[in-house]
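**Q** Those letters in the sequence shown? Residues 8 to 230, by our numbering.
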Amino acid sequence: MSLVDLGTTLHTNQLASSRHARSLPVRIARSIFREVTRGPTIYGLEWGDPDTWTPLRFIRDRYVVPFVNPGHVALDIGCGGGRWTRYLLGFKSVYAVDYYEALLLEFRKTFDRHRHVKPIKNNGTDFPGVAAQSVDYILSFGCFGHINQALIDSYLGNIKTILKPGGNVVIHYSDKNKVMAQEAGFSDNTPEQMRALVLRHGYTIVQEDTTTMWNGAIIHFTI
C-alpha cells in the first residue's frame, strides 16, 4: 500500500457506520421492527431453532426432512410447542403426543389450523387412539433426554406396537459422558445403555450420531 493509500477514509467510514448501527436508538428501532414483523413464535425455540442453529439444522436435514412423505403417517413424542413438529407437516397425518395438557394447549395455538395434525394427551408412555402398526415415522427430540431408563424402556415397548414394519424411529437422548449433560434435569443415559435397550426390544439400529449434539446423541432404528 502506498502513502497515498494510507489517506483513505474507508476504515474510518466503516467505524462511523458501525457506531451508528450499534447506537441505542437504532438497536431499539431494529428490535421493534423484528417484533412487529415476525410471525407467531413457537414455545421451545429458546432452546435452539433448527432453522438457524447449525447442529440442529444438521439433525433436521439428516434425520427428519428425508423421511417426510405425503403418503405416510408420523408421530412426534414430547411435541411441546411443536419446535420439531413443524417439519412433519408434509406427512399425510401427524400425531403430536405429550404428557402435559398445558403444553398441548400451547401447541394448539400454532397447529390447530392444520387439520391433519392430531394432538394427543398420553398417560406417560402410551399412545391413546393410535392404531397398531399404523405409523411410518416416529420422532422424539428433547423428551428422552429428561426421562429415566424405566420410562424409556416402556416407551420402546409401546413404540413397537404402533410402528409399521420397516418404519423408522429417530430419538434424541441424554449422554452423561458429555459435560453439558451433567446439568440437573438430564437423565442418566449413555449410547451404550440406549443401544442395549433398543436391541433388547428387537429393533435394528440403522445409524447413530454421538458427536453432533453437545448434551446427547441420536439413535435411528427400525423393525
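Yeah, the Cβ is synthetic: ideal placement off N, Cα and C, and Gly gets one too.
Quick caveat, the model's predicted, so the values are computed rather than measured.
For a test of the three-state rule: what should DSSP assign to residue 26, helix, strand or coil?
**A** Helix at residue 26.
**Q** Once you ignore the five residues that flank residue 122 on each side, which residues in its own chain have a CB closer than 8 angstroms to its CB?
**A** none
**Q** Less than 8 angstroms separating the beta-carbons of residue 162 and residue 226?
**A** no
**Q** 8 angstroms is my cut-off, CB to CB: does residue 186 come that close to chain D?
**A** Given the protein chain composition of this structure (a single chain), no chain D is represented.
**Q** Looking at the structure shown, is residue 141 part of a helix, part of a strand, or coil, going by DSSP?
**A** DSSP, read as helix, strand or coil, puts residue 141 in coil.
**Q** Is the beta carbon of residue 126 less than 8 angstroms from the beta carbon of residue 103?
**A** A contact, by the Cβ cut-off of 8 angstroms.
**Q** So what does DSSP say about residue 49, is it helix, strand or coil?
**A** In this structure, residue 49 counts as coil in the three-state DSSP scheme.
**Q** If you count every other CB in all the chains shown that lies within 10 Å of the CB of residue 18, and 16 or more means buried, which is it?
**A** Burial state of residue 18 is exposed, judged by a 10 Å Cβ sphere holding fewer than 16 other Cβ atoms.
**Q** Nearest CA to the CA of residue 170: which residue from 82, 55, 14?
**A** 82
**Q** Can you find the residues in the same chain that come closer than 8 angstroms, C-beta to C-beta, to residue 11, ignoring five residues on each side of it along the sequence?
**A** The predicted position of residue 11 is uncertain, since its pLDDT is 49 and thus under 50; no value can be drawn from it.
**Q** Mapping DSSP to helix, strand and coil, what is residue 217?
**A** coil
**Q** Could you spell out the range, first to last residue, of the beta strand (DSSP E) harbouring residue 102?
**A** 100-105
**Q** Quick check: is any heavy atom of the ligand GTP less than 7 angstroms from the C-beta of residue 27?
**A** Only the bare structure without any ligand can be found here, which leaves the ligand GTP out of the picture.
**Q** Among all the DSSP beta bridges, which residues are the ones paired with residue 125?
**A** 102
**Q** Given this structure, state the Cα-to-Cα distance separating residue 50 from residue 116, to the nearest angstrom.
**A** 10 angstroms
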